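For what it's worth, the working numbering labels the leading residue of the sequence shown as 19, then goes sequentially.
Virtual Cβ for every residue (Gly too), placed ideally from N, Cα, C.
All of these numbers come straight from a predicted model, not from anything done at the bench.
Notes follow the structure.
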Amino acid sequence: MLTSLRKVNNQEQALLARTGITKAGFLLKRQDTKWTSSFVVLNDHCLITVSEKDGFEKPDTLLLTTGTRVYQQNGEEGVVRIETGFEVLFVKGNDVEEMKKWKKAVATNTA
């Protein structure tokens, strides 16, 4: 079972800033009842995930609209729930502080 994820360092964040990508990194994504390692990219009004389970080859895109809501999942520290009105996505990182940053970034990028 995956217990920790690699953090994006300052140099990588600087490179991302030049590409227009708001935030990127490895998070755990809940699929059914299992957590899988996924690389997550927040760009403009889209949250793109590619799963380790799929060999990082099948991207899923979640469109962030004005109806998108971002929550701290009740009872699960470090888990963020993203609801678009059509889909619900659960993501989890290394710690609560990291997920607060992701929550703020996603909320800021809703259309």
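In three-state terms, what does DSSP make of K76?
coil
For the beta strand (DSSP E) that contains K110, what are its first and last residues?
106 to 110
What residue does the beta strand (DSSP E) around E116 start on, and which one ends it?
Counting along the chain, E116 falls outside any beta strand (DSSP E), though it belongs to the alpha helix (DSSP H) covering 114 to 126.
Please report the straight-line C-alpha distance between T21 and S56, rounded to a whole angstrom.
No answer about T21 holds up, because its pLDDT of 44 lies below 50 and its placement is not dependable.
Evaluate V88 with the Cβ neighbour count: other Cβ atoms within 10 Å of its Cβ, from every protein chain shown; 16 or more gives buried, anything less gives exposed.
buried
Thinking V106 and L46 are a contact (beta carbons under 8 Å), I'd like their distance in whole angstroms, please.
Going by Cβ atoms, the distance from V106 to L46 rounds to 15 Å, so no, they are not a contact pair.
Taking all protein chains shown into account, decide if V114 is buried (16 or more other Cβ within 10 angstroms of its Cβ) or exposed.
exposed
Would you mind working out which of T37, L82, D72 sits nearest Q49, comparing C-alpha positions?
D72
For E94, name the three-state secondary structure that DSSP assigns.
coil
Secondary structure at T51, three-state DSSP: helix, strand or coil?
coil
In angstroms, rounded to a whole number, what distance separates the CA positions of T54 and E70?
7 Å
Assign G119 to buried or exposed, taking buried as 16 or more other Cβ atoms, counted over all protein chains shown, within 10 Å of its Cβ.
Residue identity check: residue 119 is Lys in the sequence provided, not Gly. Exposed is the call here.
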